[in-house]
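Top to bottom, those sequences are chains D and F.
Here the first sequence stands for residues 645 to 1053, numbered as in my numbering.
Here the second sequence stands for residues 143 to 353, numbered as in my numbering.
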Amino acid sequence: MTPGPAPSSPACRRLSPRARLGGVLLALGAAAFALGRGGSRESVAPTGIQAPPAMVAAAGWTDAVPHFAHGWVSPPAHTPSAHGSSLCVLPRGDLLAIWYGGSREGGSDVALYTSRLPVAGGGWTTPRMEMDRVMAQQELDRVIKKVGNAVLFPDPRGLLWMVYVSVSVGGWSGSALNVRTSADEGRTWSPSERLTLNPFLNLSSLVRNKPIFARDGRIGLPVYHEMAAKFPQMLWLTPGADGRLADYRVRNLPGQAGLIQPALVPLDENRVLMLLRDRSADRLMHLSVSQDAGWTWSDARHTGLPNPDAAVDGLRLRDGRILIVYNHASRSRENLRLAVSSDQGRTWRAGAVIEETPWEEYSYPTLAEDRQGRIHLTYTWRRERIRHVSFNVAWLDQRSLAKDRANLP
Amino acid sequence: MREQALVAFYVPAVILLLWAGLAAVACRFAPHGFSPRRRLLLGLVAAALAFLPAGGVPLWVRAFSFHPNPCLPLLGLGVVAWGRVVLERSWFGREDWLALWGFGAVAGTVLYGHPLVATDVDVYFWGWERGVAASVLGALAVLAIAGGLRAGLLLVAALAALGLDALESRNAWDYVIDPFYWLLSLGMLAAIWLRAARRARRAGPAATVNP
């Protein structure tokens, strides 16, 4: 395409004064139209976040007997590879886990599976395929090469949300996010909706951890960007009157360059802690704090705990302490440990070792607390299966004390 | 419903761009002109191509997979190119082209470049602020049109499309800039600058020899 015809051509002349006037009016009308069709646009910090479970916990909670149990979410040989589980407690009390499995990570046969642990008892249900490449392709009207990380969470109104990664071009850094909702606790789902979160061909939006819920109804989901520059972002989802997605917007967090997979832990009604996976050569878990319900964040600082470029998760216990699960190593994911902070993340006390086998991988942990105050942990077990561990605070304290006595790291 | 509206907007856009491209190529191989009937026939070919399965997926779906949010200036350029090669009408003058390339180069460089620099400024976020975005784009459109530039009408089209939520993106900046338009703008500005530099170099010695 080259510049137009010769200046003498009538087409090359500038607009006539009359046409200019008409054009200006048209421009003003179009601007007013775009403004008027704005819908619900939330652009200010939330007034606070909904109280974490500890603040609404039933009084008289007396689970003083140590409890620890373990089992499997995914059955043996369900898929050759299983990874990236996420876990949530449903409004009626069931636990629901989601993960992706297939021949290998990133394979075209990879699908998202869910399994339920009914509150009434019994074990994890047979995995149900929720989304694969072909389904995503049909629902999103585009080519999908693979699906990946997904998170599940119920909002305060009881609607269950699934946010998952899909890739049309390239590797994981070419990911985009999609949203589905369920009004019946995951038995049926709405069609997927693609979120546009990045200006450059909407490439490189990923999700790993659970959100926080603002008092005004917005959902603050921690997401991250991996292409060219790596940094965390806060995705704010605004549910509409029907509960489904009405609006969304994403904010970059510039003070956390090189850090990804943010995990949020609400400290109180305004303060939130963010734990971050370190992709830099430092290999140290970082944290950042928000004083305004997740809207703005302090520059990240390291926690003193190692991080082998691996996902972490955290949970605020009912007594106000913070529990984290992470790989206590700088280079490998061959162990999975707990640690507890009583001073909102300033110092950490070593907790139980959940897994430790040289040369094996235990990764992508996710934590949830049920109504009875039991803590549930799911994680990738050697890339083969998804393992489930449950314990209570009494067990946690017992193990921490034993570690202190033995003077273990 | 929204997905259907997106497809209804996207498919004609793809056909139009394909048509313009095919017509441009065809005209190059027919220096003495290309009959209007054949040009219209190319439109049908373009429509057929858009639905041609490539690896089991229609071509427009492949385009949508990779580039779901073509900005309005890029689509406008497609329409102008289509007008030139199919209707043999030139709607834009030199100033319009320069304004379009200049806008694309600056807007794209700011939007795509700033996340690589760790600052508190988050330009893309402002695109979700309809008040800010519509005011900025409206002001730019008014300035361009008041200055007599037809290219300003592409910003008007972008505002109208934003009001109609015509693209998958809900961010206003995606209606006025996309990576292809940005790269095309940079390329065209570089070409214009090189041409001007070459012309100046040629004019220099000539002026010395023939004062």
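Even for Gly, the Cβ is constructed at its ideal location relative to N, Cα and C.
So residue i is in the alpha helix (DSSP H); what residue range does that whole segment cover?
i, result
"residue 250(F)", "236-255"
"residue 977(D)", "That residue, residue 977(D), is in no alpha helix (DSSP H); it is neither H nor E in DSSP."
"residue 779(D)", "777-784"
"residue 661(D)", "661-680"
"residue 224(F)", "214-228"
"residue 203(F)", "201-208"
"residue 709(D)", "Unbroken run through residue 709(D): none, as it is neither H nor E."
"residue 267(F)", "265-268"
"residue 178(F)", "178-192"
"residue 231(F)", "Run containing residue 231(F): none; DSSP gives neither H nor E here."
"residue 296(F)", "294-306"
Kindly indicate which three-state DSSP category residue i falls into: helix, strand or coil?
i, result
"residue 732(D)", "strand"
"residue 319(F)", "coil"
"residue 904(D)", "strand"
"residue 803(D)", "coil"
"residue 699(D)", "Reliability fails at residue 699(D), whose pLDDT of 43 lies under 50, so the model's placement of it is uncertain and the value that follows must be treated cautiously. Of the three classes helix, strand and coil, the one that applies to residue 699(D) here is helix, per DSSP."
"residue 794(D)", "strand"
"residue 836(D)", "coil"
"residue 788(D)", "coil"
"residue 168(F)", "helix"
"residue 850(D)", "strand"
"residue 1025(D)", "strand"
"residue 721(D)", "coil"
"residue 857(D)", "strand"
"residue 1044(D)", "helix"
"residue 274(F)", "helix"
"residue 1009(D)", "strand"
"residue 918(D)", "strand"
"residue 1035(D)", "strand"
"residue 330(F)", "helix"
"residue 761(D)", "strand"
"residue 346(F)", "helix"
How many Å lie between residue i and residue j at the Cα?
i, j, result
"residue 1052(D)", "residue 210(F)", "Any reading at residue 1052(D) is ruled out, since the residue's pLDDT is 48, under 50, leaving its predicted position unreliable."
"residue 701(D)", "residue 962(D)", "Per-residue confidence for residue 701(D) stands at a pLDDT of 47, beneath the threshold of 50, marking its modelled position as unreliable; the derived number appears in the next sentence. Between residue 701(D) and residue 962(D), the C-alpha separation is close to 7 Å."
"residue 1025(D)", "residue 1008(D)", "9 Å"
"residue 790(D)", "residue 341(F)", "52 Å"
"residue 319(F)", "residue 279(F)", "12 Å"
"residue 826(D)", "residue 994(D)", "38 Å"
"residue 234(F)", "residue 754(D)", "50 Å"
"residue 985(D)", "residue 933(D)", "15 Å"
"residue 1006(D)", "residue 240(F)", "57 Å"
"residue 238(F)", "residue 291(F)", "6 Å"
"residue 659(D)", "residue 287(F)", "8 Å"
"residue 987(D)", "residue 1004(D)", "33 Å"
"residue 330(F)", "residue 203(F)", "28 Å"
"residue 838(D)", "residue 796(D)", "16 Å"
"residue 1062(D)", "residue 321(F)", "No answer is possible for residue 1062(D): it lies beyond the span of chain D, which begins at 645 and ends at 1053."
Leaving out five residues before and five after residue i in sequence, what residues of the same chain have Cβ atoms less than 6 Å from its Cβ?
i, result
"residue 231(F)", "225"
"residue 704(D)", "Unreliable positioning characterises residue 704(D) in this predicted model, as indicated by a pLDDT of 45, which lies under 50. A coordinate reading is not provided."
"residue 811(D)", "789, 790, 818 and 819"
Once you ignore the five residues that flank residue i on each side, which residues in its own chain have a CB closer than 7 Å to its CB?
i, result
"residue 749(D)", "725 and 727"
"residue 799(D)", "805, 857, 863 and 883"
In terms of residue numbering, what span does the beta strand (DSSP E) encompassing residue i cover?
i, result
"residue 713(D)", "712-716"
"residue 883(D)", "875-883"
"residue 754(D)", "Taken as a continuous stretch (DSSP letters only), residue 754(D) belongs to no beta strand (DSSP E), as it is neither H nor E."
"residue 745(D)", "739-746"
"residue 895(D)", "889-896"
"residue 995(D)", "993-1000"
"residue 693(D)", "From DSSP, residue 693(D) is part of no beta strand (DSSP E); its letter is neither H nor E."
"residue 1056(D)", "This structure does not reach residue 1056(D), given that chain D is present from 645 up to 1053, and the question cannot be answered."
"residue 930(D)", "928-934"
"residue 259(F)", "Residue 259(F) -> no beta strand (DSSP E), and no H or E assigned at all."
"residue 924(D)", "That residue, residue 924(D), is in no beta strand (DSSP E); it is neither H nor E in DSSP."
For residue i, which residues from the same chain have a beta carbon less than 8 Å from its beta carbon, with the 5 sequence-adjacent residues on both sides left out?
i, result
"residue 155(F)", "212, 217 and 220"
"residue 352(F)", "Caution applies to residue 352(F), whose pLDDT of 45 falls short of 50 and renders its modelled position unreliable; the value that the coordinates give is listed next. Once the five neighbours on either side are set aside, residue 352(F) has no close Cβ partner at all."
"residue 947(D)", "919, 928, 929, 930, 931, 989 and 992"
message: Three or more C-beta pairs under 8 Å: does that hold for the stretch 198-209 of chain F against the stretch 253-269 of chain F?
response: Fewer than three beta-carbon pairs drawn from the stretch 198-209 of chain F and the stretch 253-269 of chain F are found closer than 8 Å, and the two stretches are therefore not classed as touching.
- prompt: Are there three or more Cβ pairs, one per stretch, closer than 8 Å when the stretch 1018-1034 of chain D is compared with the stretch 704-724 of chain D?
  reply: Counting Cβ pairs under 8 Å, three or more are found: they touch.
query: Quick one: any contact between the stretch 777-794 of chain D and the stretch 157-164 of chain F, if contact means 3 or more CB pairs under 8 Å?
result: Under the Cβ criterion (8 Å, minimum of three pairs), the stretch 777-794 of chain D does not count as touching the stretch 157-164 of chain F.
- prompt: Are the stretch 835-852 of chain D and the stretch 810-825 of chain D touching, with three or more C-beta to C-beta distances below 8 Å?
  reply: Taking 8 Å as the limit for Cβ pairs, the verdict is that the stretch 810-825 of chain D does touch the stretch 835-852 of chain D.
Three or more C-beta pairs below 8 Å linking the stretch 272-292 of chain F and the stretch 897-907 of chain D: Output reads no: the stretch 897-907 of chain D does not touch the stretch 272-292 of chain F.
- prompt: Is it a yes or a no for the stretch 904-917 of chain D touching the stretch 949-958 of chain D, going by three-plus beta-carbon pairs under 8 Å?
  reply: As far as the Cβ criterion goes, the stretch 904-917 of chain D touches the stretch 949-958 of chain D, which means the pair count is three or higher.
- prompt: Are the stretch 733-743 of chain D and the stretch 706-714 of chain D touching, with three or more C-beta to C-beta distances below 8 Å?
  reply: Contact between the stretch 733-743 of chain D and the stretch 706-714 of chain D is absent: fewer than three C-beta pairs spanning the two stretches fall below 8 Å.
- prompt: Given 8 Å as the limit, is there contact between the stretch 180-196 of chain F and the stretch 767-784 of chain D, that is, 3 or more CB pairs closer than that?
  reply: They do not touch, by the three-pair rule.
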